[in-house]
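4 protein chains.
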Amino acid sequence: MTIHVTVWNENVHETLGTPASIASDYPEGIHGAIAAGLRKYLDDDAVIRTATLQDPEHGLTHAVLDETDVLLWWGHKAHGEVSDEIVERVRQRVLSGMGLLVLHSGHFSKIFKQLMGTTCSLKWRNDGERELVWTVAPSHEIASGIPHPINIPHQEMYGEFFDVPAPDEVVFISSFEGGEVFRSGVTYQRGAGRIFYFSPGDQDYPVYHQDEIQRVLANGVRWAVPKVEAALPAVTNPARDWFLESTES
Amino acid sequence: MTIHVTVWNENVHETLGTPASIASDYPEGIHGAIAAGLRKYLDDDAVIRTATLQDPEHGLTHAVLDETDVLLWWGHKAHGEVSDEIVERVRQRVLSGMGLLVLHSGHFSKIFKQLMGTTCSLKWRNDGERELVWTVAPSHEIASGIPHPINIPHQEMYGEFFDVPAPDEVVFISSFEGGEVFRSGVTYQRGAGRIFYFSPGDQDYPVYHQDEIQRVLANGVRWAVPKVEAALPAVTNPARDWFLESTES
Amino acid sequence: MTIHVTVWNENVHETLGTPASIASDYPEGIHGAIAAGLRKYLDDDAVIRTATLQDPEHGLTHAVLDETDVLLWWGHKAHGEVSDEIVERVRQRVLSGMGLLVLHSGHFSKIFKQLMGTTCSLKWRNDGERELVWTVAPSHEIASGIPHPINIPHQEMYGEFFDVPAPDEVVFISSFEGGEVFRSGVTYQRGAGRIFYFSPGDQDYPVYHQDEIQRVLANGVRWAVPKVEAALPAVTNPARDWFLESTES
Amino acid sequence: MTIHVTVWNENVHETLGTPASIASDYPEGIHGAIAAGLRKYLDDDAVIRTATLQDPEHGLTHAVLDETDVLLWWGHKAHGEVSDEIVERVRQRVLSGMGLLVLHSGHFSKIFKQLMGTTCSLKWRNDGERELVWTVAPSHEIASGIPHPINIPHQEMYGEFFDVPAPDEVVFISSFEGGEVFRSGVTYQRGAGRIFYFSPGDQDYPVYHQDEIQRVLANGVRWAVPKVEAALPAVTNPARDWFLESTES
Chain A
1 MTIHVTVWNE
11 NVHETLGTPA
21 SIASDYPEGI
31 HGAIAAGLRK
41 YLDDDAVIRT
51 ATLQDPEHGL
61 THAVLDETDV
71 LLWWGHKAHG
81 EVSDEIVERV
91 RQRVLSGMGL
101 LVLHSGHFSK
111 IFKQLMGTTC
121 SLKWRNDGER
131 ELVWTVAPSH
141 EIASGIPHPI
151 NIPHQEMYGE
161 FFDVPAPDEV
171 VFISSFEGGE
181 VFRSGVTYQR
191 GAGRIFYFSP
201 GDQDYPVYHQ
211 DEIQRVLANG
221 VRWAVPKVEA
231 ALPAVTNPAR
241 DWFLESTES
Chain B
1 MTIHVTVWNE
11 NVHETLGTPA
21 SIASDYPEGI
31 HGAIAAGLRK
41 YLDDDAVIRT
51 ATLQDPEHGL
61 THAVLDETDV
71 LLWWGHKAHG
81 EVSDEIVERV
91 RQRVLSGMGL
101 LVLHSGHFSK
111 IFKQLMGTTC
121 SLKWRNDGER
131 ELVWTVAPSH
141 EIASGIPHPI
151 NIPHQEMYGE
161 FFDVPAPDEV
171 VFISSFEGGE
181 VFRSGVTYQR
191 GAGRIFYFSP
201 GDQDYPVYHQ
211 DEIQRVLANG
221 VRWAVPKVEA
231 ALPAVTNPAR
241 DWFLESTES
Chain C
1 MTIHVTVWNE
11 NVHETLGTPA
21 SIASDYPEGI
31 HGAIAAGLRK
41 YLDDDAVIRT
51 ATLQDPEHGL
61 THAVLDETDV
71 LLWWGHKAHG
81 EVSDEIVERV
91 RQRVLSGMGL
101 LVLHSGHFSK
111 IFKQLMGTTC
121 SLKWRNDGER
131 ELVWTVAPSH
141 EIASGIPHPI
151 NIPHQEMYGE
161 FFDVPAPDEV
171 VFISSFEGGE
181 VFRSGVTYQR
191 GAGRIFYFSP
201 GDQDYPVYHQ
211 DEIQRVLANG
221 VRWAVPKVEA
231 ALPAVTNPAR
241 DWFLESTES
Chain D
1 MTIHVTVWNE
11 NVHETLGTPA
21 SIASDYPEGI
31 HGAIAAGLRK
41 YLDDDAVIRT
51 ATLQDPEHGL
61 THAVLDETDV
71 LLWWGHKAHG
81 EVSDEIVERV
91 RQRVLSGMGL
101 LVLHSGHFSK
111 IFKQLMGTTC
121 SLKWRNDGER
131 ELVWTVAPSH
141 EIASGIPHPI
151 NIPHQEMYGE
161 FFDVPAPDEV
171 VFISSFEGGE
181 VFRSGVTYQR
191 GAGRIFYFSP
201 GDQDYPVYHQ
211 DEIQRVLANG
221 VRWAVPKVEA
231 ALPAVTNPAR
241 DWFLESTES
C-alpha cells in the first residue's frame, strides 16, 4: 500500500534566518530535512510532500488532506498564526482516521492542545545538553531497529512535568545531561486516528539529520497509517434490533 | 476535611416543563435531586450548593469556583448557551486540580468535549430499556458498596462506539435490553484534576433517586476531591541544577 | 514476510466425542477449524500448523517454537495435564517476542494465568444465548473490516467480573441475551511479546466457522507477529558511559 | 479507620553484616527503618508491625495476614529461600484486596514476579550515583507533598528496560547521574488488590531515612489500603436473571 505523507512546517525560523545556524543546518528547511529522512526509510513508493504556513490555506487544502495518510507537524514561533479553521479541519481528519505526528515544540500547537485538552506545558532549557532516548516499550513497532539508547549529542532540554493526558503508550523516555527526564515518545488514539508525539528535534540543532531519529519518524509514520476504513465518529439513533438488518463496519 | 461540592444543571427541561413528567420526577430540579443524593452519602459536614445556567455567570463565579472541590455537570438541550468564557474558566480550574463529574448527556457539553479533544459522539435510543451497570474495576473506590450489577428499570440507551479517549480507568460497563453496551463509568486525569464521567441519569427517568446511583455519585465526588496541593501546570525555564537550591512541590 | 502460525488445541472434547455435536461441528477438530479460518484470511504464503496435547512435548518442541511467530491456544478440560515445563517454555518465548492468542476457555490455561498473575475467573452460563461483540477501539488493526456488532446466534455466556489485569487495550466488549457484559477482546504486551485474548468460540457451538470470527483471529495474528528483533529481557550490569561505545538494539 | 501495616524484610544483609555499613545505616534493620518512617507520617493509630524471613512462616501467618491491610516487601539476597506456600498465600491475599508495596530489589521477589508475569529484569550499577525522582502524575495521592524532584545523593542505579507490564499508572520516573532512566514508582491493580512498586532504597545507602522517601511510602500505604469490601474473585455459574433476586457487592 502506498503511504501518502505530508510534512508541515511553519517555516518561520528558516524565513527569518534565526538562528543563523539554520541556513547551514537546514538548507531545505526543517520540513525538507524531515522529508528527506522519511524518503530514506519508507518504501520507495511512499509519496512525501511538504506544506508550510505561508502556502494558501497553509498548504492543507481539502484536496491535500484527502490524499494524506499521515501528517507531520512542526511549529514553534507562529502557533498563533495558524488559522482556527484549518486547525479544526485537521482535527476532524485526525478523528476520522488520518495519522498525526507532532514534533518537538509542536507540543504547543493549536492542533495538539485541542486534541489533548490540557495545557501541554513543560520545562525547557536551551543549553546544548546531551539527550539520551530510552525505549520502554520494546515490542512496539515504533521502536523497531532503534538503538537503546539513542544518543543525541546536543539538544534543547524538555523536562517533566509534561502536562498531557496519560499516554496510551509510552514508547520512549529521555534523560538530559542536567538530570531532567521527559516522556519523549508517546502515542494516543483519538477518534479513529493515531497520534505520535516525539520531542527530539529543534531549530538550533541538526537532530533531524541523525539516522536514528529519521528511523523513529519513519516507524512512527508506518504506525500512524490508518489500519481501518474509518470515518468521523457520528451520533446515531438506531431502532431496537437495527443490527439484525445490517451492521456498521 | 470538609468537601465543597457544586452541582451545576442547565435547568432547561425543568423550566420548560418538558417532559411533563419532570415536574413530578424532579420537583427540585435534576440538580436538586443530585444534591439531595449527595447529602445522604457524603459526610455531614460536606457543603453542597447548586448552580444553573440562568444564574449570573451561570452560577460559576470565581468566588464559587474558589470554594469548589468538585463540580458536577448536567446539561442536555442548552450546551450551546453556555458561555465560552465560563467554559474556559472551568477548564482551567479542572487542570489546576478541581474534580469534575460529567453526567449523562453532559458528554456533549463544551467542557467535556474540550477536555477530551474528541467528538464524544455515541448511539442513543429513548425506549425505556433496562440498563444493567457492571463493575469491572472492583478495587476502585468508586465501586465501593455498589451492587454488581446495578439494575436500572428504565433508562435511555447509550451505546458504543463512544468516541472518547481510552479511559485511564474503566469502572463500569452497561448493557441495555436491546443488546447495546456502553462504558458507563470512566475516569480521566487531566492536568492536576480528576474527571469521572457517569452516564446513568436522564430527564425522562427518576434515575437520580435510585439509591445505588446516589452512592456512585458520592463515591465519585470523594474520588475526585483534589488529593494534592495543585496549581495550573506551567511552562518554566529553569537553569541547570536549579533543583539543588529548591524543588517544586 | 511469511507468517508462521501454530494452532494449539488440547483436543480432548474431540477425542472423547463430548459434546456429541462436536463430530459434526468440528470434524477436523477445533484446531482444524481455526487453522482453516486463518488460511482464508492470512496471505497465501502463511505457514499454519497445528499441535495438540497428545503430541510428543504437546507438539511444542523447541524446533516448532523456533519457527512460530504466533501461537494460538485453545484448552478447556485438560489445563492440568499440560506439562509445567512446556508452559514455562512457551512463556519464555512469549516474553522473547512470540505472539500469543488465547481463546475462550483458555482464560484458565496455565500459560494465560501465569502471564496475567491473576485468577482469570469469570461468570459463565451455557444457555445458547446470543452474543453481540461491539468494537470500542475502532482504529485498532484487530477491528479492521469487522462489523459493529458481530452477531453470534448461540454462544456460551462469559460475564464480568473477569479477573485479569486492566488490559493495555480493550478492543471488543460483548453483551449476552441474559444481560451480562464481557471484555471479550483485549490486548497485553508482556516482555517483548504481544498477547490477544478473544473469548468467542466454544466446543458446543460452531462459532469458529463464522466468517467475522475468522477475520478477527486473522487480524489478531497479524497484530501479534513480532514487530521488532527481540530477545528475552535480561539483567545487565553495565559500567558508566557504556552507551558511548555501543548500544542495544 | 485504623490502618494495619506489616513491613516484611528478608533481614539477611543485617544478619550477615554485609555491607559493613548496614550496622550503622540500619541499626534496627531495613524493616525497622521503614517502620519508623511510616510511624512519622501515618496517623497515630496506625498499627505497624514487622516480619522477617527467619520468623516461623516468615512471620506471615494467616493470623498476621488477616490483620494486614498493606504489606511492604523488601528482599534481595534470599528470594529463593522464601517458601512457595507463603508466596501463594500472600498472592491470594493481594488478589483478595490486601495492598502490597514492593521495594527496590523486591522487583525480583517471587511474589512480584508471579503477580507481574514477566521477568522483571532491569539494568543496575552500584556506583553511588545521584538519583532524581520526578513526578509525572501530579494529581496522584502518592505524589502528595512530594518535592519535584526528590534528590537522593547516593543510590544504586536501576535502568530501563524494566521488564514489567505497562503500569496502570506511572507516578515517578528517575534519572541517574550516568544518564539512565527508570520508571521508579508505578502502580498496578490485580484482582481486588493494589500494588505499588517503588525502587529507591538499598542496603548500601541510608535512603529509607530520607524524609521524602518516608513520605512516599506513607502515601503509598494510604493509597494501597483496600477501598472496598473484597474477596478473591471467583468463578460462578449463575442462572439467567439471577440479578433480579439479588446482586453481588
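Protein chains in written order, with full-length UniProt numbering: chain A, 1 to 249; chain B, 1 to 249; chain C, 1 to 249; chain D, 1 to 249.
Virtual Cβ for every residue (Gly too), placed ideally from N, Cα, C.
It should be emphasised that the depicted structure is a prediction, and the values quoted were computed from it without experimental measurement.
Within the region 150 to 170 of chain D, those residues whose Cβ lies closer than 9 angstroms to any Cβ of chain B are, in chain order, 150, 151, 168 and 169. Counting the other Cβ atoms within 10 Å of the Cβ of residue 47 of chain D gives fewer than 16, which makes it exposed. Within the same chain, 157 and 159 come within 6 angstroms of residue 180 of chain A by CB-CB distance, once the 5 residues on both sides are set aside. Residue ranges of uninterrupted alpha helix (DSSP H) with 4 or more members, entirely inside the region 45 to 116 of chain C and ordered along the chain, are 62 to 66, 84 to 95 and 110 to 116. Interface annotation, residue 132 of chain C: not in contact with chain D, CB-CB separation never under 8 angstroms.
Our two residues, residue 125 of chain D and residue 17 of chain C, have alpha carbons roughly 58 angstroms apart in a direct line. Boundaries cannot be given for residue 146 of chain C, as no beta strand (DSSP E) includes it and DSSP labels it neither H nor E. One thing to note: residue 247 of chain C has its Cβ within 8 angstroms of the Cβ of residue 149 of chain A.
Secondary structure at residue 212 of chain D: helix, using DSSP grouped into helix, strand and coil. Looking at the DSSP output, residue 175 of chain B shares a beta bridge with B/132 and B/181.
Interface with chain A (8 angstroms Cβ-Cβ cutoff): residue 148 of chain D is included. Proximity of the region 161 to 176 of chain D to the region 112 to 123 of chain D meets the contact definition, three or more beta-carbon pairs being nearer than 8 angstroms.
Check the Cα spacing between residue 240 of chain C and each of D/199, D/197 and D/177: the tightest is with D/177. Distance check between residue 147 of chain B and each of B/172, B/165 and B/166 places B/172 closest, using alpha-carbon atoms only. The CB of residue 194 of chain D comes closer than 7 angstroms to the CB of 139 in chain B, given here in chain order. Contact note: residue 227 of chain B does not reach chain A at a C-beta cutoff of 8 angstroms; the least C-beta distance is about 16 angstroms. In terms of CA proximity to residue 43 of chain C, C/4 leads the group C/4, C/65 and C/187.
By the neighbour-count criterion, in which 16 or more other beta carbons inside 10 Å mark a residue as buried, residue 143 of chain B falls on the buried side. Residues of chain B with a Cβ closer than 8 angstroms to the Cβ of residue 173 of chain C are, in chain order, 160, 173, 181 and 183. Look at residue 207 of chain B: its C-beta is not under 8 angstroms from any C-beta on chain C. The beta carbon of residue 135 of chain D sits closer than 8 angstroms to some beta carbon of chain A. For residue 97 of chain D, the neighbours in chain B by C-beta distance under 9 angstroms run, in chain order, 138 and 139. Interface criterion not met: the Cβ of residue 63 of chain D is under 8 angstroms from no Cβ in chain B. DSSP, read as helix, strand or coil, puts residue 15 of chain B in helix. Rounded to whole angstroms, residue 222 of chain D and residue 37 of chain D show a C-alpha spacing of 14 angstroms. Within the model, the alpha-carbon separation for residue 69 of chain D versus residue 96 of chain D is close to 11 angstroms.
Put simply, the CB of residue 18 of chain B is far from chain D, with every gap to its CB atoms at 8 angstroms or more. Of all residues in the region 227 to 248 of chain B, the ones placed with a Cβ closer than 7 angstroms to any Cβ belonging to chain D are 227, 228, 230, 243, 247 and 248, in chain order.
Counting of Cβ neighbours within 10 angstroms places residue 2 of chain D among the exposed residues, the total staying below 16. Of all residues in the region 110 to 132 of chain A, the ones placed with a Cβ closer than 7 angstroms to any Cβ belonging to chain B are 114, 115, 116, 117, 118, 119, 121, 122, 123, 124, 125 and 127, in chain order.
Proximity of residue 49 of chain D to chain C, defined by a Cβ-Cβ separation below 8 angstroms, is not satisfied. In this chain, residue 201 of chain A is not harboured by any alpha helix (DSSP H), its DSSP state being neither H nor E.
When rounded, the separation of the alpha-carbon atoms in residue 196 of chain C and residue 15 of chain C is 27 angstroms.
Cβ-Cβ distances below 8 angstroms link residue 207 of chain D to 152, 155, 200, 201 and 213 in the same chain, with the five nearest sequence neighbours on each side left out; the list follows chain order.
Between residue 194 of chain C and residue 218 of chain C, the C-beta gap is not smaller than 8 angstroms, which leaves the two residues out of contact.
Relative to the Cα of residue 31 of chain B, the nearest Cα in the group B/20, B/49 and B/41 belongs to B/49.
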